[in-house]
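Enquirer: Take this structure first; my questions come after.
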DNA sequence: TATAAAAGTTAGATTAGTCTAACAATTTTT
DNA sequence: AAAAATTGTTAGACTAATCTAACTTTTATA
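Right, here's the structure in full:
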């Protein structure tokens, strides 16, 4: 069984090589910075992970995950995101409180537990930050996140997450827009992308800067890429 | 913040000094046996816990908890039992599966998490093994417990709890004995304490090792110390 | 391309938690 | 009360994960 620390190294490597924007190669320094330890520490640990066949590595070279390492790292992320979803949807934690607690919960190992939790939460696709949740095989539907900016005029959707920025939340508060709310796209201006939405009894005009930071699913089928015709 | 290990020492001390049958005094050997480490290890660790003012201790003396140590140990048990309840009532785990998983979950520290969980579960009084759950102040309504080993021949009782050991639970499963079941003492052998019980349509011969780990109440008045004449 | 900068490695130290083996104190038994 | 048994302590060693400081390799740049 992997230690807390080993799991954190694998998780960081998945984040850097799978999720990070334009996945550059990962060296000792970058991983050290990401884990907030010194490069010397990473140098040692990477050797240990190589012995366990969790990473590919040669002295002075780049670090990459073996398929076993990738799977194990993916499982840590799966656990993290499922627990975040649980905290948010069942225990009413706000989106900015869940991360820290999930950092501890993600290291509880029982596979049966996490699959039961997945079921209990009704197999969610996204965590409260809008990040996709890997399935039990470690697969992730990467491109399926959809923002409010992508919803077609006339269609309705439900807000499921918001990109992790305080300003976005505060702005949303001001125009009385919140998580789980249903929103309809009334109009979208071709010229500058300004969008008129209706939500509750009100309607608001919002900019792409906002809509690109709001993640939604179809209000009928609750999927990001739905085939409903609403 | 306490480490995993320190929390386990405090938990064991609460179990030995608060919950255990006739709370004898606790020495290094007994604690070592309970934690499955060597006495030398406990000797060192107890000195460390004393420095942190979590236990009272003098060389070659007995170990006892300070009020802070007792509170912190009680919180570990509170977390353990609340998670067991969650696993059992929300995720459909059976009573003999929950202990092992809760051993990991009990070390997740957020106080807010555990209080929200308590609320989510509707403030349960007992965990799936029938043990009382300490409240957020570390208080517990200690039921006056009686074991199956203490019930007189000819009398009937009802099982309300089982000491928290996987082997006990698994053994009980095998002989089809479960919580809330009514049991009658048919016979008890003076020589070795082997007891013949009837439960449902069957009868079983069980050892003191088992009966001492099963808690019961009178099947008539539902009290551990009853005055009924059954 | 030579040199400076950046990246990476190694050696040696530290802390937490554990062990074994030898020794010391306390308690029980004869 | 002396001997035996039990209980507890200490010293020294080990592993995992970290650090600092000195050194080496690779990369970038003047």
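Protein chains in written order, with this note's numbering: chain A, 1 to 230; chain B, 1001 to 1230. Where is the CB? At the ideal position from N, CA and C, for every residue including glycine.
Judging by CA-CA distance, which residue of 14/A, 167/A, 211/A, 49/A is the nearest neighbour of residue 1/A?
Expert: Answer by Cα proximity: 49/A.
Enquirer: Using a Cβ-Cβ distance cut-off of 8 Å, determine whether residue 1286/B contacts chain A.
Expert: With chain B covering 1001 to 1230 only, the question about residue 1286/B has no answer from this structure.
Enquirer: Distance, Cα to Cα, residue 1131/B vs residue 96/A?
Expert: Rounded to whole angstroms, residue 1131/B to residue 96/A spans 35 Å at the Cα level.
Enquirer: With DSSP as the reference, please indicate the residues paired to residue 1067/B in a beta bridge.
Expert: DSSP output for residue 1067/B lists no bridge partner at all.
Enquirer: For the segment 104-157 of chain A, which segments carrying the alpha helix (DSSP H) assignment without a break, of at least 4 residues, lie completely within its bounds, in sequence order?
Expert: You should have 111-120.
Enquirer: Using Cβ-Cβ distances below 9 Å, what residues of the segment 1107-1120 of chain B are close to chain A?
Expert: Hits within the stretch, in order: 1107, 1108, 1109, 1110, 1112, 1113, 1116, 1117, 1119, 1120.
Enquirer: Is it a yes or a no for the segment 149-162 of chain A touching the segment 96-114 of chain A, going by three-plus beta-carbon pairs under 8 Å?
Expert: Short answer: they don't touch.
Enquirer: Less than 8 Å between the C-beta atoms of residue 1168/B and residue 1210/B, yes or no?
Expert: The answer is yes: Cβ separation under 8 Å.
Enquirer: For residue 36/A, is the beta carbon positioned less than 7 Å from some heavy atom of the ligand ZN?
Expert: Absence of the ligand ZN is noted for the structure shown, with no ligands found whatsoever.
Enquirer: Taking residue 92/A as the query, report the chain B residues whose CB atoms sit under 8 Å from its CB, ordered along the chain.
Expert: The answer, in chain order, is 1116.
Enquirer: CB-CB under 6 Å to residue 1028/B, same chain, minus the five flanking residues each way: which ones, in chain order?
Expert: For residue 1028/B, where only same-chain residues beyond five positions count, the Cβ hits under 6 Å are 1039, 1042, 1043.
Enquirer: Considering only the alpha carbon of each residue, which of 1063/B, 1059/B, 1066/B, 1120/B lies closest to residue 1089/B?
Expert: When only C-alpha atoms are compared, the closest one is 1120/B.
Enquirer: Please tell me whether residue 1127/B and residue 1085/B are closer than 8 Å, where the distance is taken between their beta carbons.
Expert: Contact flag set, yes.
Enquirer: When you compare the CB positions of residue 1133/B and residue 1078/B, do they come within less than 8 Å of one another, or not?
Expert: Contact: yes.
Enquirer: With a floor of 4 residues, list each alpha helix (DSSP H) that falls wholly inside the segment 1015-1066 of chain B, ordered by position along the chain.
Expert: The qualifying runs are 1028-1035, 1039-1051.
Enquirer: Could you please give the first and the last residue of the uninterrupted alpha helix (DSSP H) stretch that includes residue 1174/B?
Expert: Its alpha helix (DSSP H) spans residues 1166-1174.
Enquirer: Strictly by DSSP, which residues pair up with residue 1181/B?
Expert: None; residue 1181/B has no bridge partner.
Enquirer: With a cut-off of 8 Å, does the C-beta of residue 105/A fall near any C-beta of chain B?
Expert: Yes, its Cβ sits closer than 8 Å to a Cβ of chain B.
Enquirer: Out of 20/A, 220/A, 179/A, point me to the one whose CA is closest to residue 214/A's CA.
Expert: Residue 179/A is the option with its Cα nearest to residue 214/A.
Enquirer: So what's residue 81/A in DSSP terms, helix, strand or just coil?
Expert: It is helical.
Enquirer: In chain order, what residues of the segment 125-141 of chain A put their CB closer than 9 Å to some CB of chain B?
Expert: Hits within the stretch: zero.
Enquirer: Would you report the Cα separation of residue 114/A and residue 1072/B, rounded to the nearest angstrom?
Expert: For residue 114/A and residue 1072/B, the distance between alpha carbons rounds to 28 Å.
Enquirer: May I ask you to report which of helix, strand or coil DSSP gives residue 1204/B?
Expert: Residue state, collapsed to three classes: strand.
Enquirer: Determine, for residue 1101/B, whether the minimum Cβ-Cβ distance to residues of chain A falls below 8 Å.
Expert: Judged by the 8 Å Cβ criterion, residue 1101/B is in contact with chain A.
Enquirer: What residue does the beta strand (DSSP E) around residue 220/A start on, and which one ends it?
Expert: Unbroken run through residue 220/A: none, as it is neither H nor E.
Enquirer: Checking the sheet assignment: what are the DSSP bridge partners for residue 1187/B?
Expert: Per DSSP, 1196/B.
Enquirer: Taking only three categories from DSSP, how would you classify residue 93/A?
Expert: If DSSP states are grouped into helix, strand and coil, residue 93/A belongs with coil.
Enquirer: Kindly indicate which residue of 1036/B, 1064/B, 1020/B has the alpha-carbon position closest to the one of residue 1010/B.
Expert: Selected option, being the one with the closest Cα: 1064/B.
Enquirer: Quick one: is residue 1228/B buried, meaning 16 or more other Cβ sit within 10 Å of its Cβ, or exposed?
Expert: Result: exposed.
Enquirer: Is the distance from the Cβ of residue 175/A to the Cβ of residue 204/A below 8 Å?
Expert: Yes.
Enquirer: Just confirm the distance between the C-beta atoms of residue 1182/B and residue 1158/B, as a whole number of angstroms; I'd bet it's less than 8 Å.
Expert: Indeed they touch by this definition, with Cβ atoms about 5 Å apart.
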